[in-house]
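Asker: First, the structure itself, so that you have it in front of you.
Residue numbers (full-length UniProt numbering): 1 to 332.
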């Protein structure tokens with residue numbers, strides 16, 4: 001008996017209330033069935049009357065006629081009615097609290113094979129927009145320490161409030177079950193400080209999940225090697241990329257705007273590598289152009305061993321092991 005009482009009080013409040021409601025209604029249903037078997041011929045009839053009366057619905061299909069039965073009904077209304085009301089109020093409050101905790105990033109993520117995004121900024125917001133537009137159905141966990149509440153209503157995004165260098169935050173984000181992470185630089189910090197924070201986050205993520213594939217953004221060239229040593233699989237140097245775009249825009253001689261052109265291109269297509277094999281071995285590059293054009297791929301470069309070249313001409317002979325760099329449609 002003591003073990004049952006201990007188990008009862010160890011249950012969550014919601015389950016304790018539900019158990020109490022079921023027990024109370026079953027007890028009153030049994031009592032009224034015993035007292036007035038003519039009016040309540042089965043236990044289920046008594047149980048139905050107890051729930052209808054306790055919930056103050058009062059259909060009137062079953063009514064106690066004896067004085068004892070009416071006293072039982074009064075006790076049921078006094079006890080059961082308040083109990084059911086309290087149960088419904090608790091259920092509503094729990095639902096509202098869970099919704100609030102979700103938006104405030106307090107609820108741990110229980111899924112797996114998800115994508116981790118570290119840092120909420122314009123880049124991650126735009127990335128989420130692209131994923132939504134392409135309908136890729138990614139399960140995403142966003143880790144950010146600057147927001148007190150995540151106001152975006154995105155069903156695929158689970159927000160965790162905290163620092164990606166904090167072990168508790170990584171546990172709540174279920175990083176050990178994630179397949180990939182993207183770490184973005186913090187635009188509110190100085191470049192050197194931002195890169196150091198990114199490196200600390202790489203170390204923390206790799207320490208928690210050594211096999212995690214990490215894409216990291218750094219702002220300074222000299223921190224690239226440190227990010228690689230920390231365990232990042234891909235390094236994106238956003239400042240170098242923007243400087244190249246500024247240069248292209250500064251010295252362009254035609255109406256085509258490099259930034260808009262590249263943005264549209266990367267929004268609709270992605271880089272991909274194709275290893276030469278089969279019928280293309282020994283054939284000229286022109287045959288590869290014709291072959292991949294049928295699949296809506298555009299060849300932009302070729303790797304022969306460790307040498308990457310973008311200087312393509314139709315007479316290049318393709319050899320086994322050569323790798324073509326292509327633009328392919330975004331995966332669906």
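Even glycine gets a Cβ: it sits at the ideal position worked out from N, Cα and C.
1. Considering just the uninterrupted stretch of the beta strand (DSSP E) at residue 117, what are its terminal residues?
2. I need the boundaries of the beta strand (DSSP E) containing residue 309, first residue and last residue.
3. Go to residue 285, then tell me how far its alpha helix (DSSP H) extends in each direction, as first and last residue.
4. Taking the straight line between their C-alpha atoms, what separation do you get for residue 160 and residue 208?
5. DSSP has residue 325 in a bridge; who is on the other side?
6. Once the 5 residues before and after residue 79 are set aside, which same chain residues still bring their CB inside 7 Å of it?
7. Would you mind sorting residue 115 into buried or exposed? The rule is 16 or more other CB atoms within 10 Å of its CB.
8. Indicate the three-state DSSP secondary structure (helix, strand or coil) for residue 380 in the structure shown.
9. Could you please give the first and the last residue of the uninterrupted beta strand (DSSP E) stretch that includes residue 237?
10. How many angstroms separate the CA atom of residue 59 from the CA atom of residue 86?
11. Compare the Cα-Cα distances from residue 148 to each of 171, 183, 100, 167 and report the closest residue.
12. DSSP beta-bridge partners for residue 214?
13. In whole angstroms, what separates the C-alpha of residue 57 from that of residue 26?
14. Beta-carbon separation of residue 190 and residue 220 under 8 Å?
15. Span of the alpha helix (DSSP H) holding residue 131?
16. Just checking residue 282 against the ligand ZN - is the residue's beta carbon closer than 7 Å to any of the ligand's heavy atoms?
17. May I ask you to report which of helix, strand or coil DSSP gives residue 316?
18. Kindly confirm or deny that the stretch 170-178 and the stretch 104-119 touch, where touching means at least three C-beta pairs closer than 8 Å.
19. Let me know the secondary structure DSSP gives residue 65 once reduced to three states.
20. Can you say whether residue 322 is buried or exposed, counting buried as having 16 or more other CB atoms within 10 angstroms of its CB?
21. So residue 141 is in the beta strand (DSSP E); what residue range does that whole segment cover?
22. Between the Cα of residue 232 and the Cα atoms of 200, 136, 329, 306, which residue gives the shortest distance?
23. With H, G and I counted as helix, E and B as strand and the rest as coil, what does DSSP make of residue 209?
24. Is the beta carbon of residue 32 less than 8 Å from the beta carbon of residue 49?
25. For residue 107, tell me which candidate among 325, 124, 132, 150 has the shortest Cα-Cα distance.
26. Report yes if the CB atom of residue 118 is closer than 8 Å to the CB atom of residue 164, and no otherwise.
27. Can you list, in chain order, the residues of its chain with a C-beta nearer than 7 Å to that of residue 46? Leave out the 5 residues immediately preceding and following it.
28. The alpha helix (DSSP H) with residue 167 in it runs from where to where?
29. Are there 16 or more other CB atoms within 10 angstroms of the CB of residue 332, so buried, or fewer, so exposed?
30. Return helix, strand or coil for residue 55, following the three-state DSSP convention.
31. Suppose you measure from the CA of residue 319 to the CA of residue 123; what does that come to, to the nearest Å?
32. Using three-state DSSP, classify residue 252 as helix, strand or coil.
Answerer: Short version:
1. Counting from one through the chain shown, the residue named residue 117 turns up at place 117. Residues 115-118.
2. Mapped onto the chain shown, residue 309 falls at position 309. 307-309 is the span of the beta strand (DSSP E), which, as asked, contains residue 309.
3. Here the question's residue 285 lines up with position 285 in the chain shown. Taken as a continuous stretch (DSSP letters only), the alpha helix (DSSP H) holding residue 285 covers 285-293.
4. Numbered from 1 along the chain shown, position 160 holds the residue referred to as residue 160. Numbered from 1 along the chain shown, position 208 holds the residue referred to as residue 208. Cα-Cα distance, rounded: 16 Å.
5. Here the question's residue 325 lines up with position 325 in the chain shown. According to DSSP, which records beta bridges pairwise, residue 325 is partnered with 273, 301.
6. Position 79 of the chain shown, counted from the first residue, corresponds to residue 79. For residue 79, where only same-chain residues beyond five positions count, the Cβ hits under 7 Å are 24.
7. To locate residue 115, count along the chain shown from 1; it is residue 115. By the Cβ neighbour-count rule, residue 115 is buried, with 16 or more other Cβ atoms within 10 Å of its own.
8. The displayed coordinates of the chain run from 1 to 332. Any statement about residue 380 would go beyond what the structure contains.
9. In the chain shown, residue 237 corresponds to position 237, counting from 1. It spans 234-237 - the beta strand (DSSP E) in which residue 237 sits, taken as one unbroken run.
10. Residue numbering aside, residue 59 sits at position 59 when the chain shown is read from its first letter. Residue numbering aside, residue 86 sits at position 86 when the chain shown is read from its first letter. Spanning the two alpha carbons is a distance of roughly 22 Å.
11. Within the chain shown, the letter at position 148 stands for residue 148. Of 171, 183, 100, 167, the residue nearest in Cα terms is 100.
12. The residue given as residue 214 occupies position 214 in the chain shown. DSSP lists 181 as partners of residue 214.
13. Your numbering for residue 57 matches position 57 in the chain shown. Your numbering for residue 26 matches position 26 in the chain shown. Between residue 57 and residue 26, the C-alpha separation is close to 17 Å.
14. The residue you call residue 190 lines up with position 190 of the chain shown. The residue you call residue 220 lines up with position 220 of the chain shown. Not closer than 8 Å, so no.
15. Numbered from its first residue, the chain shown carries residue 131 at position 131. Counting along the chain, the alpha helix (DSSP H) containing residue 131 begins and ends at 122-134.
16. Looking at this structure, you won't find the ligand ZN or any other ligand, since it has none at all.
17. On the chain shown, residue 316 is found 316 positions in, with the first residue counted as 1. If DSSP states are grouped into helix, strand and coil, residue 316 belongs with coil.
18. yes
19. Within the chain shown, numbered from 1, the residue matching residue 65 stands at position 65. Correct three-state label for residue 65: coil.
20. Here residue 322 is taken as the residue at index 322 of the chain shown, counted from 1. Buried, because 16 or more other Cβ atoms sit within 10 Å of the Cβ of residue 322.
21. Residue numbering aside, residue 141 sits at position 141 when the chain shown is read from its first letter. Residue 141 -> beta strand (DSSP E) spans 140-144.
22. As a first step, residue 232 is located in the chain shown; it is residue number 232 there, counting from the start. Ranking 200, 136, 329, 306 by CA distance to the CA of residue 232 puts 200 first.
23. Here residue 209 refers to the residue found at position 209 when the chain shown is read from its first residue. Coil, per DSSP.
24. Along the chain shown, one-based indexing puts residue 32 at 32. Along the chain shown, one-based indexing puts residue 49 at 49. Residue 32 places its beta carbon less than 8 Å from that of residue 49.
25. For the purposes of this step, residue 107 is taken as residue 107 along the chain shown, with counting starting at 1. The shortest C-alpha separation from residue 107 is found at 150.
26. Start at 1 with the first residue of the chain shown, and residue 118 comes out as number 118. Start at 1 with the first residue of the chain shown, and residue 164 comes out as number 164. Against a cut-off of 8 Å, the Cβ pair of residue 164 and residue 118 comes out as a contact.
27. Working through the chain shown from its first residue, we reach residue 46 at position 46. Around residue 46: 29, 30, 32, 33, 40.
28. Residue 167 sits at position 167 when you count from the first residue of the chain shown. 167-172 is the span of the alpha helix (DSSP H), which, as asked, contains residue 167.
29. If you number the chain shown from 1, residue 332 lands on position 332. Unreliable placement is indicated for residue 332, whose pLDDT of 45 sits below 50; no coordinate value is reported for it.
30. Working through the chain shown from its first residue, we reach residue 55 at position 55. In the structure shown, residue 55 falls within a coil segment according to DSSP collapsed to helix, strand and coil.
31. Taking the chain shown and counting its residues from 1, one reaches residue 319 at position 319. Taking the chain shown and counting its residues from 1, one reaches residue 123 at position 123. Rounded to whole angstroms, residue 319 to residue 123 spans 40 Å at the Cα level.
32. The residue labelled residue 252 in the question sits at position 252 within the chain shown. Note: residue 252 maps to coil in three-state DSSP.
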